[in-house]
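Undergrad:
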Amino acid sequence: MKQLLLSAVVAVAAILPATAQDHHSDWVDDFDAAVTMAKAEGKDLLVDFTGSDWCSWCIKLHEEVFDHEAFLTSAKSQYILVALDFPRSEEAKAKVPNPERNRELATQYGVKGYPTILLMSAEGEVFARTGYQAGGPEAYIKSMGEMVAAGKAAIKAAAELTAAFQAAGDDKAAQAAVVMKAISAMGASAPDAPGMSTIIGLVRKGYELGDGDLQVKALTAIMSSGAGTDDDFGLAKKLDPKNENGLLDHVVVAAVSSVRSLDDVKAGLAAVEAHDAMGGFKDKDMAFTVYLNVSFWCHKHLSLPAKAKVFAQKAIDNGTDIAPRMQKTLDEILAAE
Numbered sequence: 310m311k312q313l314l315l316s317a318v319v320a321v322a323a324i325l326p327a328t329a330q331d332h333h334s335d336w337v338d339d340f341d342a343a344v345t346m347a348k349a350e351g352k353d354l355l356v357d358f359t360g361s362d363w364c365s366w367c368i369k370l371h372e373e374v375f376d377h378e379a380f381l382t383s384a385k386s387q388y389i390l391v392a393l394d395f396p397r398s399e400e401a402k403a404k405v406p407n408p409e410r411n412r413e414l415a416t417q418y419g420v421k422g423y424p425t426i427l428l429m430s431a432e433g434e435v436f437a438r439t440g441y442q443a444g445g446p447e448a449y450i451k452s453m454g455e456m457v458a459a460g461k462a463a464i465k466a467a468a469e470l471t472a473a474f475q476a477a478g479d480d481k482a483a484q485a486a487v488v489m490k491a492i493s494a495m496g497a498s499a500p501d502a503p504g505m506s507t508i509i510g511l512v513r514k515g516y517e518l519g520d521g522d523l524q525v526k527a528l529t530a531i532m533s534s535g536a537g538t539d540d541d542f543g544l545a546k547k548l549d550p551k552n553e554n555g556l557l558d559h560v561v562v563a564a565v566s567s568v569r570s571l572d573d574v575k576a577g578l579a580a581v582e583a584h585d586a587m588g589g590f591k592d593k594d595m596a597f598t599v600y601l602n603v604s605f606w607c608h609k610h611l612s613l614p615a616k617a618k619v620f621a622q623k624a625i626d627n628g629t630d631i632a633p634r635m636q637k638t639l640d641e642i643l644a645a646e
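Everything in the sequence shown is counted per my numbering, starting at 310 for the first residue and increasing by one.
1. Counting beta carbon pairs with one atom in the stretch 569-576 and one in the stretch 584-593, are three or more of them shorter than 8 Å?
2. Mapping DSSP to helix, strand and coil, what is T416?
3. Within 10 angstroms of the Cβ of P633, are there 16 or more other Cβ atoms? Answer buried if so, exposed if not.
4. Helix, strand or coil: how does DSSP classify V391 here?
5. Please report the residue range of the alpha helix (DSSP H) in which I426 lies.
6. Going along the chain, which unbroken runs of the beta strand (DSSP E) with 3 or more residues stay wholly within the stretch 569-617?
7. How would you label R513, buried or exposed, when you count the other beta carbons within 10 angstroms and need 16 or more for buried?
8. Quick check on the burial criterion: 16 or more other C-beta atoms within 10 angstroms. Buried or exposed for K623?
9. Pick from D541, C364, L370: whose alpha carbon is nearest that of R664?
10. My guess is that F340 and L393 are in contact by the Cβ rule of under 8 Å, so how many angstroms apart are they, rounded?
11. When the Cα atoms are used, what is the spatial distance from G555 to L355?
12. Could you compute how far the alpha carbon of H371 sits from the alpha carbon of G422?
13. With DSSP run on the structure shown, which of helix, strand or coil describes D640?
14. If you check the beta carbons only, do H608 and A645 fall under 8 Å apart?
15. Would DSSP call R438 helix, strand or coil?
16. Could you pull the start and end residues of the alpha helix (DSSP H) that F474 belongs to?
17. Measuring CB atoms only, is the stretch 407-420 touching the stretch 477-485, in the sense that at least three cross pairs come out at less than 8 Å?
18. Taking G515 and L523 to be in contact with their CB atoms under 8 Å, please state how far apart those CB atoms are, rounded to whole angstroms.
19. For P446, does the count of other Cβ atoms within 10 angstroms reach 16, so buried, or fall short, so exposed?
20. Please name the residue in V435, A472, N602 whose C-alpha comes closest to that of L578.
21. With burial defined as no fewer than 16 other Cβ atoms inside 10 Å of the residue's Cβ, what is the status of A564: buried or exposed?
22. Please tell me whether L548 and V574 are closer than 8 Å, where the distance is taken between their beta carbons.
23. Under three-state DSSP, which class holds T507?
24. Quick check on T629: does DSSP put it in helix, strand or coil?
25. How about P500 and A536: are their beta carbons less than 8 Å apart?
26. Can you tell me which of the three DSSP states V344 falls into?
27. Near P326, what residues of its chain come up, given a Cβ to Cβ distance below 7 Å and the 5 sequence neighbours on each side ignored?
28. Just to confirm, are I426 and D362 a CB contact at a threshold of 8 Å?
29. What is the residue span of the beta strand (DSSP E) that D549 lies within?
30. Which residues share a DSSP beta bridge with F358?
31. With DSSP run on the structure shown, which of helix, strand or coil describes D353?
32. Using DSSP with H/G/I as helix, E/B as strand and the rest coil, what is D479?
33. Measuring only the C-alpha atoms, how far is I631 from K637?
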């Protein structure tokens, strides 16, 4: 049976084309085929989101780490190596067998830059996320091991909190205690950190427990982490309509941080002006960041020099230890004719 299984794996590997960026057969360029191989071999996945013909850091990572036998020997003993390429030249694009699937996966796993390396189970659970690291293959392998160990520990801790919440049954006090532990566990972790999707789900349970203070703490944690959704922002407006708890600060920061077009810029400006009209920011750091951005928008994109100066001064008034580059930008806006 074992021999038949190995033969099947070899047969699958034989029909897979080599990645566009590597002349060896060490990397698989079909994610779903790689998942099948990983399950058959009892391995995890190392997924490289790369730009083989334009991304200098991707190329550097391959030259310094991935192309070395010291890396390949160690990594292949634990992982199926997957290269999902996002090239720009037509010649390279033609060699990518499933670009739509690659884009789908990039969106699913929140890939925002290249290279992004995911270390994950065949079931899709991400243990660690990294990119280029200097130091060569041995250092990279060591770092991978440390990140995976930490990631698996975080996932285990999140699962234990979930079990504790379920064990609490209908005891709202016990449930609230678990939610508070989940809020503490969030810390400064990014929403895509290992175990965080589970933790965020537990924190949102705090919305349902009927405790206004807990709701505010849960919302603050969610929005501070960058995991806020339209539903979260809507609840913030409902719970804190006068911004007494600073929840609306987060709503405005999200509006300013998510601009993708000139219309978004205008909407962001309107949100900031409305926020200021009802009393402004509770948090000076948030205020500085928002006013800095809005000042630049008014100066550069909206041709509103008077408003640019107003917001530049507000940024300075709220800033502490302003970086020289930012201070220079603000000074230039204030001095503009």
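In this text, a Cβ means the ideal position worked out from N, Cα and C, and glycines have one as well.
TA: Concretely, from the data shown:
1. Counting Cβ pairs under 8 Å, fewer than three are found: no touch.
2. By one-based count along the sequence shown, residue 416 stands at place 107. In this structure, T416 counts as helix in the three-state DSSP scheme.
3. Here residue 633 refers to the residue found at position 324 when the sequence shown is read from its first residue. Exposed, because fewer than 16 other Cβ atoms sit within 10 Å of the Cβ of P633.
4. Numbered from its first residue, the sequence shown carries residue 391 at position 82. Of the three classes helix, strand and coil, the one that applies to V391 here is strand, per DSSP.
5. The count along the sequence shown starts at 1 and reaches residue 426 at position 117. From DSSP, I426 is part of no alpha helix (DSSP H) but of the beta strand (DSSP E) over 425-429.
6. none
7. Reading the sequence shown from its first residue, position 204 is the one you call residue 513. Per the 10 Å Cβ criterion, buried.
8. Taking the sequence shown and counting its residues from 1, the one referred to as residue 623 is at position 314. It counts as buried.
9. In the structure as shown, the chain starts at 310 and stops at 646, and residue 664 therefore has no counterpart that could be examined.
10. Within the sequence shown, the letter at position 31 stands for residue 340. Within the sequence shown, the letter at position 84 stands for residue 393. Contact holds; Cβ gap of about 6 Å.
11. In the sequence shown, residue 555 corresponds to position 246, counting from 1. In the sequence shown, residue 355 corresponds to position 46, counting from 1. Near 41 Å, if we compare the C-alpha coordinates of L355 and G555.
12. Locating residue 371 in the sequence shown gives position 62, counting from the first residue. Locating residue 422 in the sequence shown gives position 113, counting from the first residue. Taking the straight line from one Cα to the other gives about 16 Å.
13. If you number the sequence shown from 1, residue 640 lands on position 331. D640: helix per DSSP, three-state reduction.
14. In the sequence shown, residue 608 corresponds to position 299, counting from 1. In the sequence shown, residue 645 corresponds to position 336, counting from 1. Contact flag set, yes.
15. Counting from one through the sequence shown, the residue named residue 438 turns up at place 129. The answer is strand: DSSP assigns R438 an E or B state.
16. In the sequence shown, residue 474 corresponds to position 165, counting from 1. Per DSSP, the unbroken alpha helix (DSSP H) holding F474 starts and ends at 445-476.
17. Between the stretch 407-420 and the stretch 477-485, the count of C-beta pairs closer than 8 Å stays below three; the two stretches do not touch.
18. The count along the sequence shown starts at 1 and reaches residue 515 at position 206. The count along the sequence shown starts at 1 and reaches residue 523 at position 214. Sure, about 5 Å apart at Cβ, within 8 Å.
19. On the sequence shown, position 137 is the one that residue 446 refers to. Counting Cβ neighbours within 10 Å, P446 comes out buried, since at least 16 surround it.
20. Here residue 578 refers to the residue found at position 269 when the sequence shown is read from its first residue. The option with the nearest alpha carbon to L578 is N602.
21. By one-based count along the sequence shown, residue 564 stands at place 255. Under this definition A564 is a buried residue.
22. Working through the sequence shown from its first residue, we reach residue 548 at position 239. Working through the sequence shown from its first residue, we reach residue 574 at position 265. No, the pair does not count as a contact, with Cβ atoms beyond the cut-off.
23. In the sequence shown, the residue the question calls residue 507 occupies position 198. Helix.
24. Here residue 629 refers to the residue found at position 320 of the sequence shown. Residue state, collapsed to three classes: coil.
25. Along the sequence shown, read from residue 1 onward, the residue named residue 500 stands at position 191. Along the sequence shown, read from residue 1 onward, the residue named residue 536 stands at position 227. Their beta carbons are under 8 Å apart, which means P500 touches A536 by this criterion.
26. For the purposes of this step, residue 344 is taken as residue 35 along the sequence shown, with counting starting at 1. Of the three classes helix, strand and coil, the one that applies to V344 here is helix, per DSSP.
27. Locating residue 326 in the sequence shown gives position 17, where the first residue counts as 1. Bear in mind that the predicted position of P326 carries a pLDDT of just 40, short of 50, making it too unreliable to give a figure here.
28. Position 117 of the sequence shown holds residue 426. Position 53 of the sequence shown holds residue 362. In this structure, the beta-carbon distance from I426 to D362 does not fall below 8 Å.
29. Along the sequence shown, one-based indexing puts residue 549 at 240. Run containing D549: none; DSSP gives neither H nor E here.
30. Sequence index remark: in the sequence shown, residue 358 carries index 49 (1-based). F358 is bridged to L393, T425.
31. Here the question's residue 353 lines up with position 44 in the sequence shown. Reduced to three states, the DSSP call for D353 is strand.
32. Numbered from 1 along the sequence shown, position 170 holds the residue referred to as residue 479. Reduced to three states, the DSSP call for D479 is coil.
33. If you number the sequence shown from 1, residue 631 lands on position 322. If you number the sequence shown from 1, residue 637 lands on position 328. The alpha-carbon atoms of I631 and K637 are separated by roughly 10 Å.
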